[in-house]
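Enquirer: The following block contains the structure, expressed as structure tokens.
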């Protein structure tokens, strides 16, 4: 108990002074997860919107595949990206392994199906009368579709937040493809694992507090958006 | 809308799967006034309205609007000359004023023009106090008024009303009837209802009416004649409340 209290005190001091590169680690985490979420949205939202809006043969299979993608094990994704980017892998020439872009690639693979699957659910939950109302008021087919997507905006916002929440707290994939290199690819989750192993609890607790705060803000935003759905 | 007829329908048929919900409907709807399509629940009235508003593609037959055949290519431009108030109007997740302004935005009206028109039309239906309210959370009657204002805002040449008084109290119903009469003085209003009281109240302005039963057009003619002296026994049975369920 004494260790924990002492750790919390030192963590507060670290956060105040910025010692041990704590803020650099936090900013890197936000950068990696933020970029992954943006890319995940760029891929996941259009795919989710098309699957949610259209009727086509194999739609159920597509939805099932996206739902399966939501539960991709991060370490398997990490292994896949590692093999892809390793020196002998097909993309080895890019020399991206153990870099921030590699971490972004891995987290994008994790975030995209999650955002896509939640977008499908968001679009499908919109009342289909929206389309008829929009067309009846003179909207073009495209405008009617955009109006329908606009009606799903809160649920789609929740999908984006859920995607960010999933990748910011992820450790397996970023550890494997980033290598947890100090001042280079170390992010909050990998730093917590490392510092806990070393018995350096003050940095681990400081980062844990920030991660918890981010998780709290993400969940608050998610809850807020879901109340608006 | 040029010509004698606002809408002409020839051999209109609609099927959902194998079920034929409208069979070979032929109608001439004159320009101006209220045209009332009445019939029991499930007669195909709402389907007919959606086909006339070009929201559905018919399985057969054709719709001619103001002398223009409603082909797929012509439909978007023709739809802009009409507007519909649905039985339970869907209001967008936005303010009442944004809902009423939707059709105006689509038509490229400026913000100032939209604001003026929205206020004008909400005053017309007696719902000006709702202007800044979020549309979600309105009562059924309030939503119906906003739905009517939204359709009227675009000054439609043809206004479709699907059971417009389904959620309204007598005071608001009478207000809506006054607004409909006002609009019908210069434009065409096509009303579908199973409410004979509503049909009779609007009969003074209704030039014609049609009775729809089981997807078929049983008879059409001057509204006063059909409502008071129906020729077909099914129309008579419906009007006298003796139609078997």
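Residue numbers (this note's numbering), protein chains in the order written: chain A, 3 to 231; chain B, 208 to 452.
Quick reminder that beta carbons are idealized off the backbone N, C-alpha and C, glycines included.
Because the structure is a prediction, the values reported are computed rather than measured.
Report the CB separation of residue 21/A from residue 100/A in whole angstroms; it is logged as a contact under 8 Å.
Expert: Incorrect: roughly 25 Å between the Cβ atoms, too far for contact.
Enquirer: Measure from the alpha carbon of residue 397/B to the alpha carbon of each residue in 247/B, 230/B and 290/B, then state which is nearest.
Expert: Ranking the options by Cα distance to residue 397/B, first place goes to 290/B.
Enquirer: Measure from the C-beta of residue 127/A to each C-beta in chain B and report whether the shortest distance is under 7 Å.
Expert: no
Enquirer: Compare the Cα-Cα distances from residue 295/B to each of 403/B, 406/B and 352/B and report the closest residue.
Expert: 352/B
Enquirer: Let me know if residue 212/A comes out buried or exposed under the rule of 16 or more other beta-carbons within 10 Å of its beta-carbon.
Expert: buried
Enquirer: Reducing DSSP to helix, strand and coil, say where residue 158/A ends up.
Expert: helix
Enquirer: For the alpha helix (DSSP H) that contains residue 190/A, what are its first and last residues?
Expert: Run containing residue 190/A: 190 to 200, per the alpha helix (DSSP H) assignment.
Enquirer: When you compare the CB of residue 353/B with every CB in chain A, is at least one pair closer than 7 Å?
Expert: no
Enquirer: Per DSSP, what kind of secondary structure is residue 78/A in: helix, strand or coil?
Expert: Helix at residue 78/A.
Enquirer: Given 6 Å as the limit, tell me if residue 34/A has its C-beta closer than that to any heavy atom belonging to the ligand GDP.
Expert: No copy of the ligand GDP occurs in the structure displayed, which carries no ligand at all.
Enquirer: Out of 6/A, 121/A, 135/A and 74/A, which has the shortest C-alpha to C-alpha gap to residue 43/A?
Expert: 121/A
Enquirer: So is residue 148/A buried or exposed if we call it buried at 16+ other beta carbons inside 10 Å?
Expert: exposed
Enquirer: Three-state secondary structure (DSSP) at residue 341/B?
Expert: strand
Enquirer: Closer than 8 Å is the cut-off here; do at least three beta carbon pairs connect the stretch 131 to 146 of chain A with the stretch 196 to 209 of chain A?
Expert: At 8 Å Cβ cutoff, the stretches do not touch.
Enquirer: Taking any Cβ of chain B, which residues in the stretch 135 to 152 of chain A have a Cβ under 9 Å from it, in chain order?
Expert: 135, 136, 137, 138, 139, 140, 141, 142, 143, 145, 149 and 152
Enquirer: Could I get the ranges of all uninterrupted alpha helix (DSSP H) runs contained in the stretch 398 to 440 of chain B, with 4 residues as the minimum, in chain order?
Expert: 403 to 408 and 430 to 435
Enquirer: How would you write the range of the alpha helix (DSSP H) that residue 359/B sits in, first residue to last?
Expert: 347 to 360
Enquirer: Starting from residue 43/A, follow its DSSP beta bridges and name the residues at the other end.
Expert: Residue 43/A is not bridged to any residue.
Enquirer: So residue 299/B and residue 358/B are supposed to be a Cβ contact under 8 Å. How far apart are they, rounded?
Expert: That pair is no contact at about 14 Å.
Enquirer: Taking only runs that begin and end inside the stretch 213 to 299 of chain B, name each unbroken alpha helix (DSSP H) of 4 or more residues, in chain order.
Expert: 252 to 259 and 282 to 286
Enquirer: Which term fits residue 374/B, buried or exposed, when burial requires 16 or more other beta carbons within 10 angstroms of its beta carbon?
Expert: When all chains shown are included, residue 374/B counts as buried.
Enquirer: Between the Cα of residue 168/A and the Cα atoms of 93/A, 15/A and 36/A, which residue gives the shortest distance?
Expert: 36/A
Enquirer: From the DSSP output, which residues share a beta bridge with residue 454/B?
Expert: Any property of residue 454/B remains undetermined from this structure, which presents chain B solely from 208 to 452.
Enquirer: Would you report the Cα separation of residue 251/B and residue 164/A, rounded to the nearest angstrom?
Expert: Looking at the two C-alpha atoms, the distance is approximately 44 Å.
Enquirer: Using a Cβ-Cβ cut-off of less than 8 Å, list which residues of the stretch 303 to 327 of chain B approach chain A; keep chain order.
Expert: Under the 8 Å Cβ criterion, the stretch 303 to 327 of chain B contributes 309, 310, 313 and 314.
Enquirer: Would you tell me roughly how many angstroms separate the C-alpha atoms of residue 336/B and residue 51/A, rounded to the nearest one?
Expert: 36 Å
Enquirer: Any beta-carbon of chain A closer than 7 Å to the one on residue 260/B?
Expert: yes
Enquirer: Indicate the three-state DSSP secondary structure (helix, strand or coil) for residue 73/A in the structure shown.
Expert: coil
Enquirer: Mind reading off the beta-carbon distance from residue 270/B to residue 256/B? Whole number of angstroms is fine, and I expect it under 8 Å.
Expert: Not a contact, Cβ separation roughly 12 Å.
Enquirer: What does the alpha-carbon distance come out to for the pair residue 162/A and residue 405/B?
Expert: 49 Å
Enquirer: If I measure Cβ to Cβ from residue 242/B and keep anything under 6 Å in the same chain, skipping five residues before and after, which residues do I get?
Expert: 236, 397 and 415
Enquirer: Can you tell which of 59/A, 78/A and 218/A has the C-alpha that lies nearest to the C-alpha of residue 112/A?
Expert: 78/A
Enquirer: For the candidate residues 109/A, 84/A and 110/A, whose alpha-carbon lies nearest to that of residue 98/A?
Expert: Checking every option, the nearest Cα to that of residue 98/A belongs to 84/A.
Enquirer: Return the bridge partner residues of residue 302/B from the DSSP annotation.
Expert: Per DSSP, the beta-bridge partners of residue 302/B are 341/B.
Enquirer: Within 10 angstroms of its Cβ, does residue 309/B collect 16 or more other Cβ (buried), or is it exposed?
Expert: buried
Enquirer: Which residue's Cα is closest to the Cα of residue 246/B: 320/B, 431/B, 403/B and 305/B?
Expert: Closest by alpha carbon: 403/B.
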